[in-house]
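A short worksheet on the structure shown next.
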Amino acid sequence: MATDSHTNVLFGLYNDEEDLMRAIESANESGLDIMDVYTPFPVHGLDPIMGLKESRLHIAGFIYGALGTCTAFGVMTWVFTRNWPIIFGGKPYFSVPAFMPITFELTVLFACVGMVITFYTICGMGPGVTNPILDERITDDKFCLAFKTNGLPNGEIDNLKSFLSSTQAAEVHTKMI
Amino acid sequence: MSAVVSPVREPLVTGSKTYHQITEDICAPTERMPGFSFMLGMLFSLLMLGFGAFCMVWTIWKGIGSWDLNRTIGWGWDITNFVWWVGIGHAGTLISAILLLFRQKWRTGVNRAAEAMTIFAVMCAAVFPGIHMGRIWVSFFIFPYPNTRGPLWVNFNSPLLWDVFAISTYFTVSLLFWYTGLVPDLATVRDRASGMRKKIYSIASFGWTGAAKHWSRWESLSLILAGMATPLVLSVHTIVSFDFATSVIPGWHTTIFPPYFVAGAIFSGFAMVQTLMLIARKVLKLEDYITIAHIESMNKVILLTGTIVGVAYLTELFIAWYSGYVYEQFAFYNRAVGIYWWSYLAMMSCNVLSPQIFWFKKARRSVVITFIMSILVNIGMWFERFVIIATTLARDYLPSSWSYYSPTWVEVGDYIFTFGLFFTLFLIFTRVAPVVAIAEIKSILKSGGDQYVGFEAERKKKEALESGEYASQH
Numbered sequence: 000m001a002t003d004s005h006t007n008v009l010f011g012l013y014n015d016e017e018d019l020m021r022a023i024e025s026a027n028e029s030g031l032d033i034m035d036v037y038t039p040f041p042v043h044g045l046d047p048i049m050g051l052k053e054s055r056l057h058i059a060g061f062i063y064g065a066l067g068t069c070t071a072f073g074v075m076t077w078v079f080t081r082n083w084p085i086i087f088g089g090k091p092y093f094s095v096p097a098f099m100p101i102t103f104e105l106t107v108l109f110a111c112v113g114m115v116i117t118f119y120t121i122c123g124m125g126p127g128v129t130n131p132i133l134d135e136r137i138t139d140d141k142f143c144l145a146f147k148t149n150g151l152p153n154g155e156i157d158n159l160k161s162f163l164s165s166t167q168a169a170e171v172h173t174k175m176i
Numbered sequence: 000m001s002a003v004v005s006p007v008r009e010p011l012v013t014g015s016k017t018y019h020q021i022t023e024d025i026c027a028p029t030e031r032m033p034g035f036s037f038m039l040g041m042l043f044s045l046l047m048l049g050f051g052a053f054c055m056v057w058t059i060w061k062g063i064g065s066w067d068l069n070r071t072i073g074w075g076w077d078i079t080n081f082v083w084w085v086g087i088g089h090a091g092t093l094i095s096a097i098l099l100l101f102r103q104k105w106r107t108g109v110n111r112a113a114e115a116m117t118i119f120a121v122m123c124a125a126v127f128p129g130i131h132m133g134r135i136w137v138s139f140f141i142f143p144y145p146n147t148r149g150p151l152w153v154n155f156n157s158p159l160l161w162d163v164f165a166i167s168t169y170f171t172v173s174l175l176f177w178y179t180g181l182v183p184d185l186a187t188v189r190d191r192a193s194g195m196r197k198k199i200y201s202i203a204s205f206g207w208t209g210a211a212k213h214w215s216r217w218e219s220l221s222l223i224l225a226g227m228a229t230p231l232v233l234s235v236h237t238i239v240s241f242d243f244a245t246s247v248i249p250g251w252h253t254t255i256f257p258p259y260f261v262a263g264a265i266f267s268g269f270a271m272v273q274t275l276m277l278i279a280r281k282v283l284k285l286e287d288y289i290t291i292a293h294i295e296s297m298n299k300v301i302l303l304t305g306t307i308v309g310v311a312y313l314t315e316l317f318i319a320w321y322s323g324y325v326y327e328q329f330a331f332y333n334r335a336v337g338i339y340w341w342s343y344l345a346m347m348s349c350n351v352l353s354p355q356i357f358w359f360k361k362a363r364r365s366v367v368i369t370f371i372m373s374i375l376v377n378i379g380m381w382f383e384r385f386v387i388i389a390t391t392l393a394r395d396y397l398p399s400s401w402s403y404y405s406p407t408w409v410e411v412g413d414y415i416f417t418f419g420l421f422f423t424l425f426l427i428f429t430r431v432a433p434v435v436a437i438a439e440i441k442s443i444l445k446s447g448g449d450q451y452v453g454f455e456a457e458r459k460k461k462e463a464l465e466s467g468e469y470a471s472q473h
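So the protein sequences, as listed, match chains F and H. Here numbering that gives the first Met the number 0 is used: the first residue of the first sequence is 0, the next is one more, and so on. Here numbering that gives the first Met the number 0 is used: the first residue of the second sequence is 0, the next is one more, and so on.
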């Protein structure tokens with residue numbers, strides 16, 4: 000990574016998710032610009048106070064699913080009515096009820112595979128990807144509130160530090176990632 | 000902040016755990032050298048796998064003639080085992096998907112291991128149709144792809160082909176669902192590891208950081224995958240039952256098959272979860288996470304589904320009589336008192352009668368009874384499939400073609416192969432990945448931990464209130 004793309008991060012580690020939520024609320028009140036929040040497990044109620052919108056993954060899932068439906072139904076129809084029509088058990092070539100199980104299965108398959116790939120792509124994750132970690136205890140029992148300090152004057156950084164310690168952060172650290 | 004929880008609700012995590020202790024307890028088995036009991040289990044599994052592999056090679060080398068199948072009885076142990084393993088897989092999806100939709104918090108203790116069980120069970124199931132084809136080296140013919148044989152396509156109207164799609168979709172979706180749930184926990188293991196292990200878990204954990212937006216998307220993804228896995232799991236065993244129900248064999252050609260198969264699948268799957276969990280919680284020291292309350296909940300599901308299966312058996316008998324159709328009537332008469340009467344008896348006693356013991360709370364909460372029951376149910380459900388398949392085929396329309404079937408040692412060996420495969424994979428899993436979903440357990444700690452809920456927590460709170468300390472604490 001080039002030197003100029005480094006991010007200086009000031010972060011506080013909290014021992015409890017409720018301390019973290021109170022800290023985020025007071026950061027919002029004082030108009031501080033939070034870089035990100037890292038937690039060991041999904042903390043409910045975090046999204047609204049951080050102003051995170053609901054994920055649109057389900058829309059992507061619907062589109063992938065619809066694609067699966069069309070693929071399955073389209074291919075079966077083409078094969079049995081155009082490419083190689085065969086009569087099975089006296090059923091018509093275009094036997095819609097018999098096409099349903101495979102249509103359903105491929106709908107689910109396309110939707111799930113597509114959504115999972117989309118999820119990892121938009122999160123910047125994948126096999127072998129390593130993203131910078133602020134503290135190794137974030138996946139254990141620490142709740143992290145991080146501020147970006149690139150280009151901030153020292154006075155501002157000191158303000159952020161005192162904000163973190165005033166909101167019961169157990170530890171305050173800086174890290175360049 | 001914590002939600003109002005009834006004091007009568009039992010805690011889901013005992014031992015007054017902190018977040019850090021949860022990490023320590025659950026990561027421990029992946030970080031220490033396996034003990035004697037594990038090695039013994041592994042040795043036993045590998046022996047089964049080795050003997051089974053020999054029988055598999057024998058089957059493929061000599062052909063299906065090494066089995067005792069005949070013109071009359073074309074499906075025997077192979078398809079019985081296939082349906083049995085697929086059924087076992089269903090409990091994992093039920094726990095992880097359906098209970099997630101129902102917001103059942105107790106699933107967090109067992110969902111990870113149950114899903115792993117699903118994946119391994121489906122792998123075992125897939126072995127049997129594979130070898131039953133006879134020429135496994137051309138097994139890719141079952142997939143529709145443009146080919147130089149016409150192109151000759153597969154029969155999209157056949158339930159056997161629907162099965163191919165159902166099982167492969169089920170396997171893929173279960174794997175994705177399981178692994179996506181596993182990624183944050185693998186990151187936990189990664190952040191505790193060093194050296195080579197850190198590198199491996201770093202690759203496996205996909206660069207997870209625990210950012211708020213990622214968690215939000217992760218939860219959204221889990222919910223939608225659960226929403227899709229739920230109809231999927233119902234469709235899979237429905238389609239498996241279509242393999243039988245769409246034929247014109249008396250005793251198979253019934254509309255009750257889909258719901259009856261699905262209930263049976265969940266029934267046997269929960270029994271297998273119990274077998275595995277009772278051993279795992281002991282060996283891996285996870286009694287605080289997989290508590291007696293979890294076992295009791297699962298026993299209730301076993302009681303419910305076992306009774307549904309029982310009602311289905313009786314309904315079948317009634318409908319056979321009520322239909323006035325002699326072939327159907329004979330099929331069921333033959334099942335109950337024909338040459339295979341003993342397998343019908345095993346099925347009825349293990350599946351319908353024995354689970355009734357779970358009406359008693361003492362039995363539901365007893366580890367020993369639960370373990371014995373879990374084995375009985377699995378035996379019973381194996382016999383159910385055997386009864387449906389072999390017994391029905393043995394006595395068809397023409398008495399001149401009536402026949403009898405018992406397996407050869409090769410068929411038994413092929414079944415042992417899948418046991419070896421299943422237990423070997425499961426034992427490896429318990430040593431490389433967290434067996435309990437760490438992040439999910441942490442997220443229910445404040446509504447399910449015994450320091451927060453239950454009579455004990457209530458008592459402590461009352462004491463604190465009386466001594467006037469409560470106000471200063473909260």
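Glycine included, C-beta positions come from ideal geometry on N, C-alpha and C. Source: prediction; values computed, not measured.
The beta carbon of residue 96 of chain H lies closer than 6 Å to those of 225, 228 and 229 in the same chain, with the five residues before and after it left out. Of the residues assessed, residue 217 of chain H falls on the buried side of the cut-off, its CB having 16 or more other CB atoms within 10 angstroms. Taking one beta carbon from each stretch, the stretch 188–197 of chain H and the stretch 260–274 of chain H have fewer than 3 pairs nearer than 8 Å; the two do not touch. When DSSP reads this structure, residue 175 of chain F sits in a beta bridge with F/7.
Between the stretch 34–44 of chain F and the stretch 141–151 of chain F, the count of C-beta pairs closer than 8 Å reaches three or more; the two stretches touch. Under the three-state reduction of DSSP, residue 276 of chain H is assigned to helix.
In this structure residue 403 of chain H is exposed. Its beta-carbon is surrounded by fewer than 16 other beta-carbon atoms within 10 angstroms. Beta-bridge analysis with DSSP links residue 119 of chain F to no other residue.
In this structure the stretch 121–128 of chain F does not lie against the stretch 149–168 of chain F, because fewer than three pairs of beta carbons, one per stretch, are closer than 8 Å. Closest in alpha carbon position to residue 309 of chain H, among H/330, H/452, H/353 and H/329, is H/353.
Closest in alpha carbon position to residue 35 of chain H, among H/282, H/159 and H/214, is H/282. The beta carbons of residue 332 of chain H and residue 76 of chain H sit no closer together than 8 Å. Around the beta carbon of residue 276 of chain H, 16 or more other beta carbons lie within 10 angstroms, which makes this residue buried. By the criterion of a C-beta distance shorter than 8 Å, residue 29 of chain H is surrounded in its chain by 188, 430, 431, 432 and 433, once the five residues flanking it on both sides are discounted. Cβ proximity to chain H below 8 Å picks out 97, 98, 100, 101, 103, 104, 105, 107, 108, 110, 111, 112, 114, 115, 118 and 119 from the stretch 97–120 of chain F. Within the stretch 299–325 of chain H, contact with chain F at the beta-carbon level (separation under 9 Å) is assigned to no residue. The DSSP-derived three-state label of residue 247 of chain H is coil. Here residue 223 of chain H is near residue 57 of chain F, since their CB atoms are less than 8 Å apart. When the beta-carbon positions are compared, residue 112 of chain H and residue 87 of chain H stay at least 8 Å from each other. At the C-beta level, residue 85 of chain H and residue 300 of chain H stay beyond 8 Å of one another.
If you ignore the 5 residues before and after residue 52 of chain F, its C-beta comes within less than 6 Å of no other C-beta in its own chain. A straight line joining the alpha-carbon of residue 11 of chain H with that of residue 17 of chain H spans about 14 Å. Contact annotation for residue 127 of chain F against chain H: 202 [CB-CB distance below 7 Å, chain order]. Residues of chain H whose Cβ lies closer than 7 Å to the Cβ of residue 39 of chain F are, in chain order, 18, 209, 438 and 441.
Pairing residue 351 of chain H with residue 312 of chain H gives a Cβ-Cβ distance under 8 Å.
The stretch 111–152 of chain H contains no complete alpha helix (DSSP H) run of 4 or more residues. Against chain F, the CB of residue 164 of chain H has a partner CB under 8 Å away; the residue lies at that interface. Take the alpha-carbon of residue 417 of chain H and the one of residue 125 of chain H: they are about 10 Å apart. Scanning the stretch 361–421 of chain H from its first residue to its last, no whole beta strand (DSSP E) run of 3-plus residues comes out.
The alpha-carbon of residue 113 of chain F is positioned some 26 Å away from that of residue 153 of chain H. At least 8 Å separates the beta-carbon of residue 422 of chain H from that of residue 115 of chain H. Among the CB atoms of chain H, none fall inside 8 Å of the CB of residue 18 of chain F. Burial state of residue 95 of chain F is exposed, judged by a 10 Å Cβ sphere holding fewer than 16 other Cβ atoms. Per DSSP, reduced to three states, the secondary structure at residue 199 of chain H is helical. Its chain contains no residue whose beta carbon lies nearer than 7 Å to that of residue 278 of chain H once the 5 sequence neighbours on both sides are disregarded.
Judged by DSSP secondary structure, residue 143 of chain F falls within the beta strand (DSSP E) whose first and last residues are 142–147.
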